[in-house]
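Protein chains in written order, with our numbering: chain A, 2 to 397; chain B, 189 to 289. Glycine residues also receive a C-beta, built at the ideal position from the N, C-alpha and C atoms. All values derive from a computational prediction rather than experimental measurement.
Next up, the structure:
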């Protein structure tokens, strides 16, 4: 397996050029640049709000310096609160080429699009020469999420991903599972898997924080489709989701944008700190995918029972379909058919090995179904976090 | 013995999970007993493995996943109509559990 070596020493599995808007008012200009550039590797991300937010700045900095990213074009309207100078400086200091365009200073829509397109062309030529070097499985960061879960998810796709996670962790990779609001009811069994009792206590508190947050919002992380698919309660969905974490010890807890310090299994606490503010912790699956990518995930393993079609900007998304009926209806969108387990035609461990092999192939350049179909979903909204406590990342 | 369309996930569970759709009126064998299903059971849905009393915990994966809001007889569908979360109420497009529909 070969990776793109970045100037900061990190290694990526894709060579993406990001065009990013810093407020909704700059979205159309940025999107027009991406549409006209017409290349799978030139991708759009952005932040809609006008007010500044430490979390969204951190996430944007981590995304723009992600190992899968080679260079960045920043599109600002000019009057928004987002700290464009700091974002540009962070990208530049990482050794990546970056160009910033301020629409109010560039003469409006047409001129900014033309100037942006020219910059995209220049950066594209520059990053085409990014050196390719050997890269091992132990250098990968892999995240997992479930979306559109049903009663089959927790029996087939999720434990199969757990089995793949065990293989990855054994080989030294860093694996991230997340959404503490979808682990309500699993807090004690997770704490028992933590490498230290102090980490276990932090995990329990993180889940309690999630429960309080969702209670204040008035809804748990439970969608009508979950119920139609046979899931009745949030804790039932949690038990199924939890199976994605496999059987390894839990080595640490991180928050969105924190990079796992070394290989191992990490829980990501995605629920904001402090009083509930800004609405739901993650308004949709894509917001969680973005957070895991901001924490360095090269690849996302997405399990689904009802059938989700999303992919992502920056990092490839591998879809693992839990339900054999859904697989038959939506095979074009699914990379792995874990529904075989439901039909009694395959064991969980063999599907786990199939996922592991695909992770290696995708890291080696093979396109996932969502990549080939052009899915590049992206969502980033407001949040607030305190830094992670020392007990969350025990030294090893 | 149990019909292979229903799976027991953990020995302490009091529900079975459906792996292939079964229609209403079909006869199936659950836990060695032949029963006629009252309602259609779709993939991913649960049926009672034993008689479950109102207020008792529903156990799946060997862990509690909520409580019965009604007496649930052996072989009956276990879902929003007869169980609830012990944490945060579930919701459908029409309503939240426990509210007027």
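From the beta carbon of residue 281 (chain B), is the nearest beta carbon of chain A less than 9 Å away?
-> As a first step, residue 281 (chain B) must be located in the second chain, where it is residue number 93. Output row for residue 281 (chain B): interface = yes.
Can we say the stretch 202-219 of chain A touches the stretch 151-169 of chain A, given the rule of at least three CB pairs closer than 8 Å?
-> no
Comparing the C-beta of residue 178 (chain A) with each C-beta of chain B, is any distance below 9 Å?
-> By one-based count along the first chain, residue 178 (chain A) stands at place 177. By this cut-off, residue 178 (chain A) is not an interface position.
Considering residue 261 (chain B), what are the terminal residues of the beta strand (DSSP E) in which it resides?
-> On the second chain, residue 261 (chain B) is found 73 positions in, with the first residue counted as 1. Per DSSP, residue 261 (chain B) belongs to no beta strand (DSSP E) and is neither H nor E.
What does a CB cutoff of less than 8 Å around residue 60 (chain A) pick up in its chain, not counting 5 residues either side in sequence?
-> Taking the first chain and counting its residues from 1, one reaches residue 60 (chain A) at position 59. Within the same chain, residue 60 (chain A) has close Cβ partners 257, 258, 291, 292, 295, 381.
At least one CB of chain A closer than 9 Å to the CB of residue 296 (chain B): is that the case?
-> Summary: the structure shown does not reach residue 296 (chain B), with chain B confined to residues 189 through 289, and so no result is reported for it.
Got a sec: is the Cβ-Cβ distance from residue 274 (chain B) to anything in chain A below 9 Å?
-> Here residue 274 (chain B) refers to the residue found at position 86 when the second chain is read from its first residue. So, interface residue.
Give the interface partners of residue 243 (chain B) over in chain A, defined as CB-CB distance under 7 Å, in chain order.
-> Position 55 of the second chain, counting from 1, holds the residue named residue 243 (chain B). Under the 7 Å cutoff, chain A gives no residues; its nearest Cβ is about 15 Å from residue 243 (chain B).
Is it true that the CB of residue 302 (chain A) sits closer than 9 Å to the CB of residue 271 (chain A)?
-> What you label residue 271 (chain A) is simply residue 270 of the first chain in a count that begins at 1. What you label residue 302 (chain A) is simply residue 301 of the first chain in a count that begins at 1. Result no, Cβ atoms of residue 271 (chain A) and residue 302 (chain A) do not sit closer than 9 Å.
To the nearest angstrom, how far is it from the Cα of residue 20 (chain A) to the Cα of residue 27 (chain A)?
-> Residue numbering aside, residue 20 (chain A) sits at position 19 when the first chain is read from its first letter. Residue numbering aside, residue 27 (chain A) sits at position 26 when the first chain is read from its first letter. In a straight line, the C-alpha of residue 20 (chain A) is about 11 Å away from that of residue 27 (chain A).
Taking the beta strand (DSSP E) that residue 3 (chain A) falls in, what are its first and last residues?
-> Residue numbering aside, residue 3 (chain A) sits at position 2 when the first chain is read from its first letter. First-last of the beta strand (DSSP E) with residue 3 (chain A): 3-6.
Among A:79, A:205, A:34, nearest to residue 51 (chain A) - alpha-carbon criterion | As a first step, residue 51 (chain A) is located in the first chain; it is residue number 50 there, counting from the start. Among A:79, A:205, A:34, the Cα nearest to that of residue 51 (chain A) belongs to A:79.
Taking only the alpha-carbon atoms, compute the straight-line gap between residue 124 (chain A) and residue 82 (chain A) and give it to the nearest angstrom.
-> As a position in the first chain, residue 124 (chain A) is number 123, starting the count at 1. As a position in the first chain, residue 82 (chain A) is number 81, starting the count at 1. Those two C-alpha atoms are separated by around 26 Å.
What does residue 212 (chain A) reach in chain B if we use C-beta pairs closer than 9 Å?
-> Mapped onto the first chain, residue 212 (chain A) falls at position 211. Proximity of chain B to residue 212 (chain A) at the Cβ level (cut-off 9 Å) is accounted for by 275, 276, in chain order.
Sorted by chain position, which residues of the same chain lie with C-beta nearer than 8 Å to residue 214 (chain A)'s C-beta, five sequence neighbours on each side aside?
-> Residue mapping note: residue 214 (chain A) aligns to position 213 of the first chain, counting from 1. Contacts found: 182, 272, 273, 277, 282.
Below 7 Å between beta carbons is the criterion; list the residues of the stretch 304-327 of chain A that meet it against any residue of chain B, in chain order.
-> 306, 324, 326
When you check each C-beta in the stretch 184-205 of chain A against every C-beta of chain B, which residues fall closer than 7 Å?
-> 185, 186
Spatial neighbours of residue 6 (chain A) in its chain, beta-carbon cut-off 8 Å, leaving aside the 5 residues before and after | As a first step, residue 6 (chain A) must be located in the first chain, where it is residue number 5. 12, 131, 132, 133, 134, listed in sequence order.
Separation of residue 232 (chain A) from residue 267 (chain B), as counted between CA atoms = Walking along the second chain from the start, residue 267 (chain B) turns up at place 79. Walking along the first chain from the start, residue 232 (chain A) turns up at place 231. So the alpha carbons of these two residues sit roughly 8 Å apart.
Same chain only: Cβ atoms within 6 Å of residue 96 (chain A), ignoring 5 sequence neighbours per side | Within the first chain, residue 96 (chain A) is the residue found at index 95, counting from 1. So the list reads 8, 9, once near-sequence residues are dropped.
Using a threshold of 8 Å, is the CB atom of residue 257 (chain B) nearer than that to any non-hydrogen atom of the ligand NAD?
-> The model depicted lacks the ligand NAD and carries no ligand whatsoever.
Under 9 Å (Cβ pairs) to chain B, residues found in the stretch 227-253 of chain A = If the cut-off is 9 Å between Cβ atoms, the stretch 227-253 of chain A has 227, 228, 229, 230, 231, 232, 233, 234, 235, 236, 237, 238, 239, 240, 241, 243, 244 near chain B.
Note down the Cα distance separating residue 269 (chain A) from residue 87 (chain A), rounded to an integer number of angstroms.
-> In the first chain, counting from the first residue as 1, residue 269 (chain A) sits at position 268. In the first chain, counting from the first residue as 1, residue 87 (chain A) sits at position 86. Each residue's Cα considered, the two are about 26 Å apart.
Round the Cβ separation of residue 340 (chain A) and residue 328 (chain A) to the nearest angstrom and send it over; I've been treating them as touching at under 8 Å.
-> As a working note, residue 340 (chain A) is residue 339 in the first chain. As a working note, residue 328 (chain A) is residue 327 in the first chain. About 5 Å separates the two Cβ atoms, so the contact holds.
If you run the structure through DSSP and keep just helix, strand and coil, what is residue 37 (chain A)?
-> Start at 1 with the first residue of the first chain, and residue 37 (chain A) comes out as number 36. Helix.
Presumed contact (8 Å Cβ cut-off) between residue 266 (chain A) and residue 176 (chain A), rounded CB distance = Walking along the first chain from the start, residue 266 (chain A) turns up at place 265. Walking along the first chain from the start, residue 176 (chain A) turns up at place 175. Indeed they touch by this definition, with Cβ atoms about 5 Å apart.
Neighbour-count burial assignment, residue 174 (chain A), 16 or more Cβ in a 10 Å radius = Translated into the one-based positions of the first chain, residue 174 (chain A) becomes position 173. With 16 or more other Cβ atoms within 10 Å, it is buried.
DSSP state of residue 28 (chain A), grouped into three classes?
-> In the first chain, counting from the first residue as 1, residue 28 (chain A) sits at position 27. Residue 28 (chain A): helix per DSSP, three-state reduction.
State the beta-bridge partners of residue 337 (chain A) as determined by DSSP.
-> As a working mapping, residue 337 (chain A) is identified with position 336 in the first chain. According to DSSP, which records beta bridges pairwise, residue 337 (chain A) is partnered with A:321.
Starting from the beta carbon of residue 151 (chain A), find every residue of chain B whose beta carbon is closer than 8 Å, and list them in chain order.
-> Within the first chain, residue 151 (chain A) is the residue found at index 150, counting from 1. Ordered by position in chain B, the residues that pass the 8 Å Cβ test against residue 151 (chain A) are 231, 232.
Compare the C-beta of residue 343 (chain A) against all C-beta atoms of chain B and say whether one is closer than 9 Å.
-> Reading the first chain from its first residue, position 342 is the one you call residue 343 (chain A). Cβ-Cβ to chain B under 9 Å: yes for residue 343 (chain A).
Residue-level contact to chain A via CB, residue 220 (chain B), 9 Å cutoff | The sequence position of residue 220 (chain B) within the second chain is 32, counting from 1. Taking 9 Å as the CB threshold, residue 220 (chain B) stays off the interface with chain A.
Residue 56 (chain A) versus residue 188 (chain A): straight-line alpha-carbon distance, rounded = On the first chain, residue 56 (chain A) is found 55 positions in, with the first residue counted as 1. On the first chain, residue 188 (chain A) is found 187 positions in, with the first residue counted as 1. In this structure, the alpha-carbon of residue 56 (chain A) lies about 26 Å from that of residue 188 (chain A).
Helix, strand or coil at residue 254 (chain A) [DSSP, three-state] | The residue given as residue 254 (chain A) occupies position 253 in the first chain. Three-state result, residue 254 (chain A): strand.
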